[in-house]
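Q:
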Amino acid sequence: MLASLVSIKNPLARSLTAAVTIGSAITLTAAIVLGATNAKDESAYKTAIYTTLAGTGFGALLGLVYQGQANQSASAKPLTDQSSAPMVEGSGWQDWRNFVVVRKVKESEEITSFYLKPVDGGAIPKFQPGQFLTIKLEIPGQPRPIIRTYSLSDYPDPCDYYRLSIKRESAPKELDVPPGIASNFMHDQVQEGTVIPAKSPSGKFVLDLQKTLPAVLISNGVGITPMMSMAKAATQLKLDRPIWFVHGARDGRFHAFREEVSAIAQQNSNLNLHFVYSRPRPEDEGHYHSTGYADTALIQTLVQQEAEYFLCGSPPFMQSLREGLQAAGVPTSRIFFEAFSKGKPAPTTTQSTTARDNDKIGGAEVVFAQSGKTFTWDASADSILEFAEANDLEPPYSCRQGICGTCMCKISEGEVEYQTTPVATIDNGSALICISKPKTARVVLEL
Ligand SMILES: Cc1cc2nc3c(=O)[nH]c(=O)nc-3n(C[C@H](O)[C@H](O)[C@H](O)COP(=O)(O)OP(=O)(O)OC[C@H]3O[C@@H](n4cnc5c(N)ncnc54)[C@H](O)[C@@H]3O)c2cc1C
Ligand code: FES
26 MLASLVSIKN PLARSLTAAV TIGSAITLTA AIVLGATNAK DESAYKTAIY TTLAGTGFGA
86 LLGLVYQGQA NQSASAKPLT DQSSAPMVEG SGWQDWRNFV VVRKVKESEE ITSFYLKPVD
146 GGAIPKFQPG QFLTIKLEIP GQPRPIIRTY SLSDYPDPCD YYRLSIKRES APKELDVPPG
206 IASNFMHDQV QEGTVIPAKS PSGKFVLDLQ KTLPAVLISN GVGITPMMSM AKAATQLKLD
266 RPIWFVHGAR DGRFHAFREE VSAIAQQNSN LNLHFVYSRP RPEDEGHYHS TGYADTALIQ
326 TLVQQEAEYF LCGSPPFMQS LREGLQAAGV PTSRIFFEAF SKGKPAPTTT QSTTARDNDK
386 IGGAEVVFAQ SGKTFTWDAS ADSILEFAEA NDLEPPYSCR QGICGTCMCK ISEGEVEYQT
446 TPVATIDNGS ALICISKPKT ARVVLEL
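Following the working numbering, the numbering of the sequence shown begins with 26 at its first residue and continues without gaps.
Printed below as a string of structure tokens:
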């Protein structure tokens with residue numbers, strides 16, 4: 026009975042169920058005893074009634090108390106240091122919430138999907154198609170938790186799980202460096218049952234479900250992940266919005282979700298598919314539409330009407346498409362893109378200025394205004410974000426690479442300098458603290 030009680034999440038419902046169950050059990054027992062003993066004594070009946078009432082009260086109390094025990098057992102699992110994440114009304118939860126991998130599915134030679142459900146068994150918010158989840162991995166040998174962001178690649182209805190689809194990142198051929206830390210850990214070490222803390226879904230690369238203008242989703246490689254949730258949302262909700270789903274892969278072995286998206290397209294005439302393979306194998310015959318690349322020339326042959334364009338894929342692919350579409354007259358306001366990585370390191374945007382004085386910066390005063398704390402800059406810190414964390418502050422962040430914009434914060438005084446060129450669009454008077462250091466002797470951040 027206790028196990029069934031734990032499964033009831035609403036404390037009032039749990040309390041009522043326990044009260045009714047225990048009260049009924051005592052009434053039944055009392056009736057059997059009274060019947061068997063043939064008691065005529067009025068006090069025997071009174072005792073039975075009082076015992077039933079006491080049992081009902083005890084049941085109600087047990088139902089309430091058992092909630093605490095249920096929560097406790099969830100937070101005692103491994104990696105559950107911050108599992109009690111309060112829900113934020115209408116959006117998601119604050120900080121980290123523990124999820125358990127309930128399914129792991131190989132989608133292609135390089136991509137594997139992970140289905141996540143919350144350990145606490147509570148509801149999870151519906152997200153906007155195209156958004157990502159930030160996860161935290163405790164990887165043996167790593168000095169600190171590894172934080173990564175992964176697009177949500179499904180659009181479940183009802184929303185009772187999140188799916189991440191992760192490409193195994195190998196080391197670049199030309200460099201003697203280790204392979205991708207998080208993606209290889211996910212592929213090799215994370216199994217069904219592994220608990221992973223995650224932040225609430227976020228991200229601005231989303232398909233607006235209110236618009237009716239045709240949407241062209243163009244991806245290559247693992248860039249297909251946000252497109253999957255967009256295509257699924259559009260078809261599930263029966264949006265009156267034509268969708269083109271154009272995906273480029275080397276060949277069938279590297280093409281994730283081919284069957285899944287083809288099945289959706291068969292049921293939805295609004296979803297137009299085009300798969301383009303750069304090096305198809307004979308056995309891929311009949312499973313792709315053209316040979317070559319998902320480039321502007323191909324898009325122009327497929328789409329001849331006004332549309333919004335959503336791009337996600339390798340850095341050269343995105344750059345050439347953005348330039349090509351703009352050259353073809355598509356306004357930038359209709360081109361949306363998500364960068365998973367920066368590609369080759371770009372030079373920093375910072376110029377040396379007279380304001381820059383290495384000695385001064387080494388001892389720069391960094392004011393975290395909202396926290397009411399001031400510290401002297403530690404020149405060994407890689408970024409202001411890292412410096413803030415070293416001083417026990419917890420600014421929000423996600424990619425830590427200047428891509429997602431999560432760490433953006435207002436600067437009310439001074440300037441920062443970027444270590445690499447930011448990819449995220451930065452609001453006026455703000456900075457991405459994950460890739461910047463103080464540039465002036467005093468920096469005041471609204472943090
Ligand atoms: C918004 C967003 C959404 C994303 N969605 C997805 C998704 O749906 N699926 C997905 O698979 N990924 C996604 N990503 C990318 C993901 O967050 C990770 O960046 C990716 O998995 C690589 O992380 P890693 O820890 O495996 O690799 P890292 O350890 O970060 O390494 C990345 C690469 O750098 C190489 N490298 C290591 N050291 C060096 C060095 N010293 N010099 C040069 N190169 C080096 C590695 O070999 C590897 O190839 C997304 C990213 C963002 C920002
Ligand atoms: S954390 Fe993503 S831009 Fe800084």
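Idealized CB from N, CA, C, for every residue including glycine. On a predicted model such as this, the values are computed, not experimentally measured, just so you know.
1. Keeping to the same chain, check which residues put their C-beta closer than 7 Å to that of residue 117; ignore five residues upstream and five downstream.
2. Roughly how many whole angstroms lie between the Cα atoms of residue 250 and residue 389?
3. So for residue 180, helix, strand or coil by DSSP?
4. Under 6 Å Cβ to Cβ from residue 222, same chain only, skipping five residues before and after it: list those, please.
5. Would you check if there are 3 or more beta carbon pairs closer than 8 Å linking the region 314–326 to the region 282–297?
6. How would you call residue 269, buried or exposed, if buried means at least 16 neighbouring beta carbons within 10 angstroms?
7. Could you spell out where the beta strand (DSSP E) holding residue 188 opens and where it closes?
8. Could I get the ranges of all uninterrupted alpha helix (DSSP H) runs contained in the region 311–375, with 4 residues as the minimum, in chain order?
9. Taking residue 361 as the reference, give the member of 342, 337, 144, 145 with the closest Cα.
10. For residue 468, report the span of its beta strand (DSSP E) as first-last.
11. Among the residues of its own chain, which have a CB less than 7 Å from the CB of residue 287, if the five just before and after it don't count?
12. Tell me whether residue 93 is buried or exposed, calling it buried when 16 or more other Cβ atoms sit within 10 Å of its Cβ.
13. Determine the closest residue to residue 366 out of 392, 168, 247, 281, with distance taken between C-alpha atoms.
14. Under 8 Å by Cβ, that's how I've got residue 332 and residue 238 pegged, so tell me the actual separation to the nearest angstrom.
15. Taking residue 188 and residue 179 to be in contact with their CB atoms under 8 Å, please state how far apart those CB atoms are, rounded to whole angstroms.
16. Below 8 Å on the Cβ atoms is my contact criterion, and I expect residue 439 with residue 463 to pass it. Report the Cβ-Cβ distance as a whole number of Å.
17. Rounded to a whole number of angstroms, what is the C-alpha to C-alpha distance between residue 308 and residue 345?
18. Which residues share a DSSP beta bridge with residue 434?
19. Among 347, 253, 234, which one has its Cα closest to the Cα of residue 138?
20. Rounding to the nearest angstrom, what Cα-Cα distance links residue 301 and residue 406 in this structure?
21. Is the beta carbon of residue 456 less than 8 Å from the beta carbon of residue 436?
22. Assuming residue 206 and residue 164 are in contact, meaning their beta carbons sit under 8 Å apart, how far apart are those beta carbons, in whole angstroms?
23. What whole-angstrom Cβ distance do residue 458 and residue 410 have, given they're in contact under 8 Å?
24. Excluding the five sequence neighbours on either side, which residues of its own chain have a C-beta within less than 7 Å of the C-beta of residue 217, listed in chain order?
25. With a threshold of 7 Å, establish whether the CB of residue 423 neighbours any heavy atom of ligand 2.
26. For the beta strand (DSSP E) that residue 442 lies in, which residues bound it at each end?
27. With hydrogens ignored, establish whether the beta-carbon of residue 429 is closer than 7 Å to any heavy atom of ligand 1.
28. Evaluate residue 75 with the Cβ neighbour count: other Cβ atoms within 10 Å of its Cβ, from every protein chain shown; 16 or more gives buried, anything less gives exposed.
29. Could you round the C-beta distance between residue 327 and residue 396 to whole angstroms and report it? I think they count as a contact, below 8 Å.
30. Note down the Cα distance separating residue 304 from residue 156, rounded to an integer number of angstroms.
31. Under 8 Å, do residue 423 and residue 172 count as touching if we go by C-beta distance?
32. Could you tell me whether any non-hydrogen atom of ligand 1 is closer than 7 Å to the CB of residue 234?
33. Classify residue 454 as buried or exposed, calling it buried when 16 or more other Cβ atoms lie within 10 Å of its own Cβ.
34. Can you tell me which residues form a DSSP beta bridge with residue 272?
A: Per the coordinate set shown:
1. Only 150, 225, 226 meet the Cβ criterion.
2. Each residue's CA atom was taken as its position, placing residue 250 and residue 389 some 42 Å apart.
3. If DSSP states are grouped into helix, strand and coil, residue 180 belongs with coil.
4. Here the set comprises 121, 123, 161.
5. No: the two stretches stay apart, fewer than three of their Cβ pairs being nearer than 8 Å.
6. Residue 269 counts as buried, since no fewer than 16 other beta carbons sit within 10 angstroms of its beta carbon.
7. From DSSP, the beta strand (DSSP E) with residue 188 extends over 187–192.
8. Complete alpha helix (DSSP H) runs here, min 4: 321–327, 340–352.
9. The option with the nearest alpha carbon to residue 361 is 337.
10. First-last of the beta strand (DSSP E) with residue 468: 467–470.
11. Leaving aside the five residues that flank residue 287 on each side, the residues in its chain whose CB is nearer than 7 Å to its CB run, in chain order, 298.
12. Only weak support is given to the placement of residue 93: the predicted model assigns it a pLDDT of 33, under 50, and the value that follows is read from those uncertain coordinates. Flag for residue 93 reads exposed.
13. The residue from 392, 168, 247, 281 with its alpha-carbon nearest to that of residue 366 is 247.
14. Residue 332 to residue 238, Cβ: 6 Å. Contact.
15. Confirmed, about 4 Å.
16. That pair is a contact at about 7 Å.
17. In a straight line, the C-alpha of residue 308 is about 30 Å away from that of residue 345.
18. Bridge partners of residue 434: 456.
19. Ranking the options by Cα distance to residue 138, first place goes to 253.
20. A straight-line Cα-Cα distance of about 45 Å links residue 301 and residue 406.
21. Yes.
22. Residue 206 to residue 164, Cβ: 6 Å. Contact.
23. Confirmed, about 5 Å.
24. Only residues of its own chain outside the window of five on either side were considered, and among them 126, 127, 128, 129 have a CB closer than 7 Å to the CB of residue 217, listed in chain order.
25. Relative to ligand 2, the nearest heavy atom lies less than 7 Å away from the CB of residue 423.
26. DSSP places residue 442 inside the beta strand (DSSP E), whose first and last residues are 441–443.
27. Yes - ligand 1 has a heavy atom lying nearer than 7 Å to the Cβ of residue 429.
28. Classification of residue 75: exposed, given that the 10 Å Cβ count is below 16.
29. With 8 Å as the limit, residue 327 and residue 396 do not qualify as a contact, their Cβ atoms being about 51 Å apart.
30. Distance between the alpha carbons of residue 304 and residue 156: 31 Å.
31. Taking 8 Å as the Cβ cut-off, residue 423 and residue 172 qualify as a contacting pair.
32. Not so, every heavy atom of ligand 1 lies at least 7 Å from the Cβ.
33. Counting the other Cβ atoms within 10 Å of the Cβ of residue 454 gives fewer than 16, which makes it exposed.
34. For residue 272, which the question treats as bridged, DSSP gives the partners 244, 300.
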